[in-house]
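Numbering (full-length UniProt numbering), first residue to last: 1 to 1212. We put the CB at the ideal spot given by N, CA and C, even for glycine. Before any comments, here is the structure.
Here's what the structure looks like:
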């Protein structure tokens, strides 16, 4: 047995001798109260001792220091080390201590290192032999993690580490939701905040159990083995008795010796005393858990690092209460108030049943204990006071004791009992004289002041105050509330057992309520699963029974539409289930099943009543069906009985028989008035089908009549559809069918179609007649527009025949379209569809608006003011603009501009078809105005003004008003106005060199216009050559202005190219174009033109020639030898273009012959076209419907081809 002693303090003592001052408070005051130790003569105040002494003992008294040794053994303050330094100290200690204690190992050729068993034997040897000299052993115990850090990760430092929130993290474990320490309001170092332990060889922790008998968890982070010795909590009393028997003198003087952690007793000694002792070795990464009241001790085999903390599961609470009582018995201060923990737990919002299970009994014990203490104190108080007690609410002449109810949270010292060191949390007795606090258990008896005990109990003069934190009533209310919640499972179970024992057939409603209440109780109720299975079985029965007790079954089936994803098997299963539900036998089985389950509910009574009603109905129905031959008309009795049978929503055979019989009677009543009116074919069919479903005989008189009517209607239906589907609709036959439909059952849809066709035929006939009559109106302005006629003729395509008058209107339409074709030829658009004429004339009118603008006056050459890519928005033509206009188009500058080196006028590269990449900065250019040999590229033929006037003169003789009239009049009017405007300039008498700039200006405007003023153009060309000649020869006269574009291949030519065919006759028949027939007069005209002498008038704009080339009688001549150098150079690839254009020119000349050049060009285009024909050579209009249909078919084909080519001509 060893008693490690607390060594003397290392701080210097006062200069007085031992015995002159108190070793505890270090004061020399109150010398009469100082006791002297009989061993060391050290002095101590009686009231500074633990426990305090009231008087001087009459026996030899020894101080606490002498009781535990002479100072050579025990614990003392150690040094300050780093972990590395402390590890080195341990290594040096082990090497020094075991140097001469280990034997030589021949295998290792060195001394054998000590094993764990060797270290353990050596440790207990040193403990038992106190005379052996041992070097100093230090132990880094009770190191706060708040100052030195924890070995576990924390949320503050490593929030993303998963172990920062792990329950086994010792920083988390004390405050885990299942630990009662979470109800402690402040941190307690060593209990709720871990401590660190850094050990070395032989460093020891003596026998002790945890404060408040709590659980503890010790984890070794790294290092050498730590050996533990433990005694179960059940043997704690045996352990304490064994310790007292071993050293009785120490326990007599210091009863709280086991609280000081300074005593060791060998396990063998304890075992001999009947104490169970267990040992274990803890290594790195292992936890050691100690249970409540379990004593434990141990030592370290070497340098290691451990961390420990306390925690408290729910089962700890009774042990915690015992631990507090033990501390109070030994007058040791507890770490926290157990009563405060209980009240805090009861006051939390989340008091669960699991919490109430342990908290309720604890509060009950606390309440009983506190009530007894208060009652005992008040009983003694009333004995000595002899007055009504103020605490119990006495009259005005009550006692003088102070009484308060204070629920404030005060510092712990204000609750600490001055006698037992326990926390007086619920109630305390405060002395106003000494300011000391005493618990009610020791109140009055403890000498808190120099008064008598009776005076202290009476509280006279208000010297003492009784303070309650909570009244008895409130404390009881808190207790009962928690107890009630804790007993909820037991109350529920008792109610269930009682009800089932009293009721052999329990009500489902009551069982459902119990089940609902049980499911809301968060506790594992033993009877709940079985009750749920029973109620679920009853609910399933009720759900199946509901189909019979309500009238919604039929509606439910109607609303349950099978989904698109349902398979045939699923649909069949669903139908089978529905048939099973509607059987009467199912109802009987349900009633039998309810009897077997043995419960009560309203559905059982309703179902039984339903079964009785069904039996009664079947009896009545059989009686009525037995004499059905006696009835001939339906009666209200039958309807009511049938409605009653249907209300059951079950498949009852009698219901079907009654329904069938009643429907037959009603059918016979309906068929008689039905025959007196005309109905639709579908109505007749449905009526027959309904009779067949009711079982009406096929040979019955009414049924035969209905079938005959149906046959007549079907014949009419078939005939009408055949007539409407024929290519040539016979409207007389359709009209006859329409009349027959008034007396036959026909389909309303087919009749509507017949009437619609007849209406369209009548409307078309009226419209054709009206248009034709209007076309003959003497007043031209009252004649219809061509667009109206065209739309009316297109609408006829939907009909398969032509109304009377259609042929005459087509003839007039053909005459009008011939006039439009002549206009197309004037503008060089012979190949274009008819509707292109209006669009092209709009473009011509827009271009002429800028060129024939009389506000545009001659000016000197100017440089472009800007280089805009596009004209300014809002005035693209430049008319009225303050900016200068240029080029033959007379528009502002835009894009690439080219300057003529002679007249210095600027031209658009786009207007002259000159690409930007083909022009160099040092190239020189001569414009077509200065040099007539430079041809102007044109996309279309420019008609002569005289030809346009002649064309417009034909308008009054047309059958319809043309849409092109307004645009044509604008074109002619602007051209004539401009001709009048420049009439003074076209005078040889006033022409002079000074007019050169004006002549160039007006020639530029004439060349830019899309209408040819031949006389004015020739005059200005001749005058310019006279005053500023560039070419060696004067310019030829211009009579026509044709397009310079290469002819576009026709549709037939494209097909031939794709198929690689050169001869059109080799094309397949379906790809050949129709043959065109021309009148002989046109052919004679062309023949006479080819035979006529003289040369044709030269076109103003044949395919352009490069500058320096000219046309001669022998062909195209090269650059003249006048010495004039060309001012513009063409790229090398232009040679190919020049060759192709020359060939095209040769082709044109050869096709023209001796006739008119323009006519020859138009004939050439006419020969290439596949979409249009002159119509001059067409024969007489067709006289039969077959020919009309053929012409319509051909015309439709022409129109489709025109639509395909429209986009190409629009681009032109």
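Between residue 226 and residue 310, the CB-CB gap reaches or exceeds 8 Å. When secondary structure is reduced to three states using DSSP, residue 780 falls in the helix class. Ranked by how close their Cα comes to the Cα of residue 974, the residues 847, 1022, 234, 895 have 847 in first place.
Taking C-alpha positions only, residue 439 is separated from residue 422 by approximately 8 Å. Shown here for residue 119: same chain residues with a beta carbon closer than 6 Å to its own, the five before and five after excluded, namely 301 in chain order.
Counting along the chain, residue 696 sits inside no alpha helix (DSSP H), nor does DSSP assign it H or E at all.
Residue 428: member of the beta strand (DSSP E) spanning 427-431, first to last residue. Partner residues in the beta bridge of residue 310, as assigned by DSSP, are 216. In its own chain, leaving out the 5 sequence neighbours on each side, no residue places its CB closer than 7 Å to the CB of residue 375. When the alpha-carbon of residue 513 is set against those of 205, 750, 505, 532, the nearest one is in 532. Taking all protein chains shown into account, residue 408 has fewer than 16 neighbouring C-beta atoms within 10 Å of its C-beta and is therefore exposed. Non-local C-beta neighbours of residue 499 in its own chain, meaning closer than 8 Å and more than five positions away in sequence, comprise 506, 510, 514, ordered along the chain.
Around the beta carbon of residue 168, a 10 Å sphere encloses fewer than 16 other beta carbons of the protein chains shown; the residue is thus reported as exposed. Spanning the alpha carbons of residue 983 and residue 783 requires a straight line of approximately 38 Å. In this chain, the alpha helix (DSSP H) harbouring residue 97 covers 83-97. Taking C-alpha positions only, residue 44 is separated from residue 59 by approximately 16 Å. Take the alpha-carbon of residue 209 and the one of residue 219: they are about 17 Å apart. Contact check between the stretch 962-978 and the stretch 849-868: three or more CB pairs, one atom from each, fall below 8 Å, which counts as touching.
Comparing alpha-carbon positions, the option among 935, 277, 328 lying closest to residue 1038 turns out to be 935. With a threshold of 16 other beta carbon atoms within 10 Å, residue 695 falls short and is exposed. Excluding sequence positions up to five before and after residue 56, its CB lies within less than 8 Å of the CB of 35, 46, all in the same chain and listed in chain order. Counting along the chain, the unbroken alpha helix (DSSP H) around residue 655 starts and ends at 653-674. Residue 198: not part of any alpha helix (DSSP H); member of the beta strand (DSSP E) spanning 195-199, first to last residue. Distance from the CA of residue 593 to the CA of residue 654, rounded to the nearest whole angstrom, comes to 26 Å.
As a beta-bridge residue in DSSP terms, residue 281 pairs with 227. In this structure, DSSP gives residue 996 a helical state, which the three-state scheme calls helix.
Between residue 401 and residue 390, the gap from beta carbon to beta carbon is short of 8 Å. Considering only 741, 517, 693, the residue with the shortest C-alpha distance to residue 710 is 741. Taking every protein chain shown into account, the CB of residue 1013 has 16 or more other CB atoms within 10 angstroms, so this residue is buried. Separation of residue 843 and residue 970 (C-alpha to C-alpha, rounded to the nearest whole angstrom) is 12 Å.
Sixteen is the threshold: since fewer than 16 other Cβ atoms of the shown chains lie within 10 Å of the Cβ of residue 283, the residue is exposed. If you look at residue 407, you'll find it isn't in any alpha helix (DSSP H); DSSP assigns it neither H nor E. The three-state secondary structure of residue 567, taken from DSSP, is coil. For residue 171, the three-state secondary structure derived from DSSP is coil. By the Cβ neighbour-count rule, residue 704 is exposed, with fewer than 16 other Cβ atoms within 10 Å of its own.
Excluding the 5 residues flanking it on each side, residue 916 has same chain C-beta neighbours closer than 7 Å at 896, 909, in chain order.
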